[in-house]
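Quick note: the sequence shown uses this note's numbering, first residue 299, plus one each step. Backbone N, C-alpha and C define an ideal beta-carbon position, used for all residues, glycine too. Data block below; observations after.
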Amino acid sequence: MSVADTTGTSRITKPVVTLRNYFDKPFDSAVAAARTCYSSRVISPDEVTDKQRVAIGSATFDGGHHTVFQHAHFEFGLENVSRQFVWNFLHSHPFYNSEQQSQRYVRMDQVQAYIPPLSEEAHAVYTAALEKAWDYYRLIGEKLSPRTRDVLYDVWKITPQTADKRRQRIERQVDKKAIEVARYVLPVAAFTSMVHTISGIVLHRLYRMRNSGDTPQETALVIDQMVARVKEVDPLFFERIGKGPLDLDRIPEQKYIRENNPERTRQARMEFDRELGSRTSRLIAATPDAESLLARSLRYVLGRSESEMSEDAALDALLNPAHNRYRLETLNVGVHSPMMRVLQHVSYTFLKKLSHTADSQDQRHRMVPASRPLLAATDCPEPDYITPMLIRGNPDVEPIYRQAMEEAWEAKNRLLALSVPPSLAIYVLPNAAAIRLVETGSLLHLMHKWTMRTCFNAQEEIYFASMDELEQVRELHPRLARYLGPPCFIRQKLAYPVCTEGSHFCGVRVWDAFPIVERKL
299 MSVADTTGTS RITKPVVTLR NYFDKPFDSA VAAARTCYSS RVISPDEVTD KQRVAIGSAT
359 FDGGHHTVFQ HAHFEFGLEN VSRQFVWNFL HSHPFYNSEQ QSQRYVRMDQ VQAYIPPLSE
419 EAHAVYTAAL EKAWDYYRLI GEKLSPRTRD VLYDVWKITP QTADKRRQRI ERQVDKKAIE
479 VARYVLPVAA FTSMVHTISG IVLHRLYRMR NSGDTPQETA LVIDQMVARV KEVDPLFFER
539 IGKGPLDLDR IPEQKYIREN NPERTRQARM EFDRELGSRT SRLIAATPDA ESLLARSLRY
599 VLGRSESEMS EDAALDALLN PAHNRYRLET LNVGVHSPMM RVLQHVSYTF LKKLSHTADS
659 QDQRHRMVPA SRPLLAATDC PEPDYITPML IRGNPDVEPI YRQAMEEAWE AKNRLLALSV
719 PPSLAIYVLP NAAAIRLVET GSLLHLMHKW TMRTCFNAQE EIYFASMDEL EQVRELHPRL
779 ARYLGPPCFI RQKLAYPVCT EGSHFCGVRV WDAFPIVERK L
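In structure tokens form, the structure reads like this:
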């Protein structure tokens, strides 16, 4: 088993951080940028003197004028980091870019996961839980194949007469869909790898906040290495500006983690679930008079009077892809369009419940931010998880899946009984663990999200959440939702190809009947 372990009791595989690309002279570049603000020309980093480094660098940073430190970017390679760390800390803000190894499409053959410092007895419980999770992953992946094959053969109309080449292509999809669902039993401690790019000021923020959240021990192992790699290429970038990490006693959330009480948490969950009802995502707030507001805003942008452009005409000009060709772009250009920017004046807020693995994808829509739970502060003894549709009602798989969930929570509870801190014990929870969140976005950015996530190729939970959201917006603001849907629905009769997924076409003519469509897989 490959582990990241600081106890020395196992073969050690710690997080690996490499600096793949970086700006030359990032600190001098920031000082030169600051000087340029008060110069008749652009100042070069080569012109910066040591006196200016002292006088301008720290004064600019300490005064809160941080944009000059945003120019320099650092591209890191991160390996052997847990998905819990990525979800909880690395992707919990909007100012980054990541390309991450996919558990949906990459088979996780090896038991590879983060293991924190633990006593000998706790270490045995923890590692046994990881090994069991991988055993269930392999078993469920095998047992899901028959049902997955039946559904895909039905969608693609595969018969004994179907050509071998086409049948083989569908068989490859069977394997991918099976592991996509089987991954729900893997622990959030499971390793991932990625290319991760951030600006200099974001790196300073991450360093300052590395003791916050659910994963302070692992976060320190990763962020300290990121800082060290930057210091190797430019020591001034941290020596001349910034402060060290906030101490744990200055992190306000730590109080609530320490005071976690199962009964209190159960009550909070009941209140959330009662309000959510039967939906995956429930609309709880929206901009009043949104349709009128958008029409009025568009008229102001275009210099048109109400008598010249009615509300219906304005909304049609804004949202109908036949009239607004920006809607047909696969490149998300909305924020660069004077017309489309009016969509930022309307916003919607939703309650949502997703699995940890689905929410890890949902949070990548960085312009639709959410307040996500501290798992260490909201943990309860009882299993609390999401079951994928391929498993629900499957007599060969659902009992095994339920047993995997129960054993994961038993391991977590056993670790807590051994005095393991909650922030460490929760690492053995599965990807299926339920995440309750509140999410808000402007119509501009939600529209992009809904376009991507009402496609049948979208992760199933996010798909159903997006369909939930569109249905409720359609009821509240029908003129705004009329032209919202997947790319094929928007592009039909207007652009070719209708489906933008190429060889990944789902096999269903969704555009013929959207939103009255059935997703079988």
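Nonlocal neighbours in the same chain, by C-beta distance under 6 Å from residue i, ignoring five residues either side
i: W385; result: S658
i: G306; result: Residue placement at G306 is poorly supported in this model, since its pLDDT is 36, which falls under 50; the coordinates are not used for a value here.
i: M299; result: The predicted position of M299 is uncertain, since its pLDDT is 49 and thus under 50; a value taken from the coordinates is nonetheless stated next. If we look at M299 and ignore the five residues flanking it on each side, its Cβ neighbours are V409.
i: C753; result: P784
i: R670; result: L735
i: F762; result: T578
i: H502; result: G540
i: I733; result: L652, H654, D657
i: V815; result: V808
i: R381; result: V486, A488, T490
i: K747; result: H663, V666
Distance CB(residue i)-CB(residue j) smaller than 8 Å
i: D326; j: P313; result: no
i: A656; j: Q757; result: yes
i: L792; j: L626; result: yes
i: A411; j: A476; result: no
i: P514; j: Y725; result: no
i: S576; j: H643; result: no
i: L778; j: L768; result: no
i: S491; j: E377; result: yes
i: L819; j: V493; result: no
i: Y699; j: V500; result: no
i: R597; j: M607; result: yes
i: R780; j: L616; result: no
i: P324; j: G498; result: yes
i: W707; j: P681; result: yes
i: V315; j: V520; result: yes
i: K650; j: E704; result: no
i: F383; j: T495; result: no
i: D677; j: T563; result: yes
i: I689; j: S653; result: no
i: K441; j: D660; result: no
i: P720; j: N558; result: yes
i: R567; j: L574; result: no
Closest by C-alpha distance to residue i, when choosing among the options
i: R467; options: N395, R447, I724; result: R447
i: F359; options: V493, R402, E537; result: E537
i: G375; options: D322, R318, T517, Y403; result: R318
i: Y435; options: Q401, Y424, T457, V449; result: Q401
i: M637; options: H621, L600, Q661, N630; result: L600
i: T872; options: Q398, L534, E397; result: The structure shown does not extend to residue 872, since the chain is modelled only from 299 to 819, so the question has no answer here.
i: I438; options: E478, P458, R464; result: E478
i: F321; options: K529, S390, Q790, R556; result: K529
i: R817; options: N692, R351, S396, E759; result: E759
Residues of its chain near residue i, where Cβ-Cβ distance is below 7 Å and the 5 sequence neighbours each way are ignored
i: V718; result: L416, A420
i: E609; result: E589, S590, A593
i: I354; result: V329, A332, R333
i: Q368; result: S497, G498, I499
i: S356; result: R538, I539
i: R712; result: V423
i: H621; result: D614, A615
i: M745; result: L641, L782
i: E345; result: A330
Residues near residue i in its chain [Cβ-Cβ closer than 8 Å; skip 5 each side]
i: L546; result: N509, P514, Q552
i: P392; result: R664, M665, P667
i: T749; result: L782, G783, P784, P785, I788
i: H802; result: N755
i: M765; result: T752, P813
i: R481; result: Q401, R402, M406, Y435, T655, N729
i: H363; result: A332
i: R351; result: F325, D326, V329, L534, R538
Within-8 Å CB hit, residue i to chain B
i: G805; result: Judged by its chain identifiers, the structure shown contains no chain B, having just a single protein chain.
Residue i Cβ short of 7 Å to the ligand NAD heavy atom set
i: R436; result: Inclusion of the ligand NAD in the displayed structure is not the case, the ligand content being empty and no account of it being possible.
Stretch pair the stretch 471-484 + the stretch 499-507: three plus CB contacts closer than 8 Å
Taking 8 Å as the limit for Cβ pairs, the verdict is that the stretch 499-507 does not touch the stretch 471-484.
Ignoring anything shorter than 4 residues or poking outside the stretch 578-641, list the alpha helix (DSSP H) runs there in chain order.
Counting only runs of 4 or more, we get 588-600, 609-617.
Would you list, in sequence order, the uninterrupted alpha helix (DSSP H) runs of no fewer than 4 residues that lie entirely inside the stretch 304-363?
Correct list: 324-334, 356-360.
I'd like to know if the stretch 577-592 and the stretch 768-783 are in contact, where contact means that at least 3 CB-CB pairs between them fall below 8 Å.
Cβ pair count under 8 Å is three or more, so yes.
Give a yes or no on contact between the stretch 427-443 and the stretch 515-531, applying the rule of three or more CB pairs nearer than 8 Å.
The stretch 427-443 makes no contact with the stretch 515-531; the number of CB pairs closer than 8 Å stays below 3.
Quick one: which unbroken alpha helix (DSSP H) runs of 4-plus residues sit fully inside the stretch 678-754? Chain order, please.
As far as the stretch 678-754 is concerned, its whole alpha helix (DSSP H) runs of at least 4 residues are 696-715, 720-723, 741-751.
Which ranges does the beta strand (DSSP E) cover as unbroken runs of at least 3 residues, wholly within the stretch 472-544, from first to last along the chain?
The stretch 472-544 contains these whole beta strand (DSSP E) runs: 489-497.
Mind listing, in chain order, the continuous alpha helix (DSSP H) runs of no fewer than 4 residues lying wholly within the stretch 642-682?
Those alpha helix (DSSP H) runs which fall completely within the stretch 642-682 and span 4+ residues are 654-660, 673-676.
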